[in-house]
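Student: Every position in the first sequence, counted from 1, becomes a number in the working numbering once 519 is added.
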Amino acid sequence: MNESTPPFRAPVGTHDVLAPASAQWEGVVATFASLAHRYGFGLIITPMFEDVGVFNRGIGESSDVVSKEMYVFSDRGQRTFALRPEGTASVVRAFVQHRPPTPWKAWYVTPAFRYERPQAGRYRQHHQLGVEALGSEDPELDIEVIALAWRFFEAVGLRRVRLLINSMGHDECRGRYVELLAAHLALHGAQLCDEHRRGWSTNPLRVLDCKRPACVAVTEAGPMLPDHLCEDCRNHFARVVAGLESIGIEATLTPRLVRGFDYYTRTTFEFVADALASAQNAVGGGGRYDRLAEQLGGPPTGGIGFGCGIERLLLVRDAEGVSDELLKRTPDVFVVDTTGSGDSTVLLDELRRGGVAAQRAYGGRSMKAQMRAADHSGARFALLIGPTEQAAGQVTMRDLRSGEFAQAQPTVERGDVVAVVRDLLTEK
RNA sequence: GUGGGCGUAGCUCAGUUGGUUAGAGCGCCAGGUUGUGGUCCUGGAGGUCGCGGGUUCGACCCCCGUCGCUCACCCCA
Numbered sequence: 520m521n522e523s524t525p526p527f528r529a530p531v532g533t534h535d536v537l538a539p540a541s542a543q544w545e546g547v548v549a550t551f552a553s554l555a556h557r558y559g560f561g562l563i564i565t566p567m568f569e570d571v572g573v574f575n576r577g578i579g580e581s582s583d584v585v586s587k588e589m590y591v592f593s594d595r596g597q598r599t600f601a602l603r604p605e606g607t608a609s610v611v612r613a614f615v616q617h618r619p620p621t622p623w624k625a626w627y628v629t630p631a632f633r634y635e636r637p638q639a640g641r642y643r644q645h646h647q648l649g650v651e652a653l654g655s656e657d658p659e660l661d662i663e664v665i666a667l668a669w670r671f672f673e674a675v676g677l678r679r680v681r682l683l684i685n686s687m688g689h690d691e692c693r694g695r696y697v698e699l700l701a702a703h704l705a706l707h708g709a710q711l712c713d714e715h716r717r718g719w720s721t722n723p724l725r726v727l728d729c730k731r732p733a734c735v736a737v738t739e740a741g742p743m744l745p746d747h748l749c750e751d752c753r754n755h756f757a758r759v760v761a762g763l764e765s766i767g768i769e770a771t772l773t774p775r776l777v778r779g780f781d782y783y784t785r786t787t788f789e790f791v792a793d794a795l796a797s798a799q800n801a802v803g804g805g806g807r808y809d810r811l812a813e814q815l816g817g818p819p820t821g822g823i824g825f826g827c828g829i830e831r832l833l834l835v836r837d838a839e840g841v842s843d844e845l846l847k848r849t850p851d852v853f854v855v856d857t858t859g860s861g862d863s864t865v866l867l868d869e870l871r872r873g874g875v876a877a878q879r880a881y882g883g884r885s886m887k888a889q890m891r892a893a894d895h896s897g898a899r900f901a902l903l904i905g906p907t908e909q910a911a912g913q914v915t916m917r918d919l920r921s922g923e924f925a926q927a928q929p930t931v932e933r934g935d936v937v938a939v940v941r942d943l944l945t946e947k
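Here it is in structure tokens:
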């Protein structure tokens, strides 16, 4: 038997997350869930795959995600599906299908799939937390969504995250702007980078997103979106920025921020982590999508959302040196039983039913071995049952946090164990 | 899709100009006299040196291929 090379492993770009590392995931999700609830969002669960049209129409054919990164497949009924590459399109599809009363606010946690070469902070399957709010174009909604995101990053301990913000305008003013931009690019197209020299006309806005010096130089000299917004869009944007400022959230105006999805209108934003040295420094982002519901066959309905990558968030926590654990998953007690009887079976059942996280050793190991296991488990107390305790109907409690050898070891009447343990645990 | 780096015990890594039974630390298991962890001491288990082929008297070490990991470009979470 050759055990050194397992026949199967997680697919390229995917990862298993085991305990104890997974406790950080639980913590991140729990923090987000609690915050989302406070802001009035309800959990939504949608399928991980959708008719490919949901993403084609929603995200846009010209986007990188749709044009070259989707996991597309046909099922046995010859229907064409795609694994979701991001969270928003599915939620809006669900909104259109169910027509819940507006304003409608939903949060989600989901895997997302993109076929690309893995790299630091970039995977083929990653996980996103996010919210979507539909049914209002009120800038207050923009402020709420962005504030939720900001407070979330604060809550998980991040300090060096900046908020970049921009407005894409609505159809008309953006349309006019795109024409201006296209005219500018037509004049200077020859100076663009290799990729965009010929390809810019498909979607001129993409050039703004390009980080190559050639494209940056050309676009910097050209027209900028914020200067060409209509009055409504300008006011909307101003109110968002002012509202954020009123609650102490500083947003950096970033005129070239257009983001990779076609559905964005008006407010767009991105959270970048300065602690990450790599190019993958965006921990979250989002924006308004006032035409998306229509594009997916629903009534005209404004909306705005935010998404955050869990893996990347954890990378940032690491890079920032955030030391506090979001969630500890260690047992409260560890039952050490050397009698070999069924006493520990009954005690463990009582403890667990009483809300106490309790573990034990298996295989009838020596007391020393069981104590070592108790120590390694991280349990606060060891509950000892040996022949003496068994005969006396008692349990010996040992505080594993104490470093003293000659510490006091109270014995507790068997019938009082659960109550005593619970008392001691809530004490601190 | 393109390019760079790397693949030696569960983990992090050593391994001298190719030379006989491949090492360490951590982790794991068991002991250190009669029921007690975390420190210390002793011992033990665990590797076809990613896989395949080639060069050689001989390969963990050199060459080719392949798979995988990783980083970068592009883009994003």
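Idealized CB from N, CA, C, for every residue including glycine.
Just mark residue 592 as buried or exposed, buried being the case when its beta carbon has 16 or more other beta carbons within 10 Å.
Tutor: Exposed.
Student: Can you give me the start and stop residues for the beta strand (DSSP E) that residue 641 sits inside?
Tutor: Note, residue 641: premise wrong, no beta strand (DSSP E); not H, not E.
Student: Does the region 558–566 come close enough to the region 602–612 to have 3 or more Cβ pairs within less than 8 Å?
Tutor: With the cut-off at 8 Å, the region 558–566 and the region 602–612 touch.
Student: Just verifying my parser: in three-state terms, what is the DSSP assignment at residue 722?
Tutor: Note: residue 722 maps to coil in three-state DSSP.
Student: Among the residues of its own chain, which have a CB less than 6 Å from the CB of residue 528, if the five just before and after it don't count?
Tutor: Excluding positions up to five away in sequence, the list is empty.
Student: Would DSSP call residue 624 helix, strand or coil?
Tutor: Of the three classes helix, strand and coil, the one that applies to residue 624 here is strand, per DSSP.
Student: Indicate whether the contact test is met: 3 or more Cβ pairs, each with one atom in the region 803–819 and one in the region 612–625, closer than 8 Å.
Tutor: Touching, yes.
Student: Once the 5 residues before and after residue 724 are set aside, which same chain residues still bring their CB inside 6 Å of it?
Tutor: Here the set comprises 777.
Student: Roughly how many angstroms separate the alpha carbons of residue 700 and residue 583, rounded to a whole number?
Tutor: Their backbone Cα atoms lie some 20 Å apart in a straight line.
Student: Cα separation between residue 876 and residue 545?
Tutor: Near 17 Å, if we compare the C-alpha coordinates of residue 545 and residue 876.
Student: Provide the residue span of the alpha helix (DSSP H) that contains residue 593, from first to last.
Tutor: Here residue 593 belongs to no alpha helix (DSSP H); instead the beta strand (DSSP E) covers 591–593.
Student: Which residues bound the beta strand (DSSP E) around residue 704?
Tutor: Run containing residue 704: none in the beta strand (DSSP E); it sits in the alpha helix (DSSP H), 690–707.
Student: Please state whether DSSP places residue 904 in a helix, a strand or coil.
Tutor: Strand.
Student: What does the alpha-carbon distance come out to for the pair residue 522 and residue 531?
Tutor: At residue 522 the pLDDT is 49, less than 50, meaning the model places this residue with poor confidence; the figure from the coordinates comes in the next sentence. C-alpha separation (whole angstroms): 21 Å.
Student: Tell me where the alpha helix (DSSP H) around residue 578 begins and ends.
Tutor: Residues 571–578.
Student: Mind listing, in chain order, the continuous beta strand (DSSP E) runs of no fewer than 3 residues lying wholly within the region 523–577?
Tutor: Fully enclosed beta strand (DSSP E) runs of 3 or longer: 568–570.
Student: By Cβ distance, which residues of its chain are closer than 7 Å to residue 811, with the 5 residues on each side in sequence left out?
Tutor: Contacts found: 577, 611, 782 and 822.
Student: List the residues that DSSP assigns as beta-bridge partners of residue 743.
Tutor: Its beta-bridge partners do not exist; DSSP assigns none.
Student: How would you write the range of the alpha helix (DSSP H) that residue 492 sits in, first residue to last?
Tutor: Residue 492 is absent from the structure shown; the chain starts at 520 and stops at 947.
Student: From the DSSP output, read off the bridge partner residues of residue 770.
Tutor: According to DSSP, which records beta bridges pairwise, residue 770 is partnered with 682.
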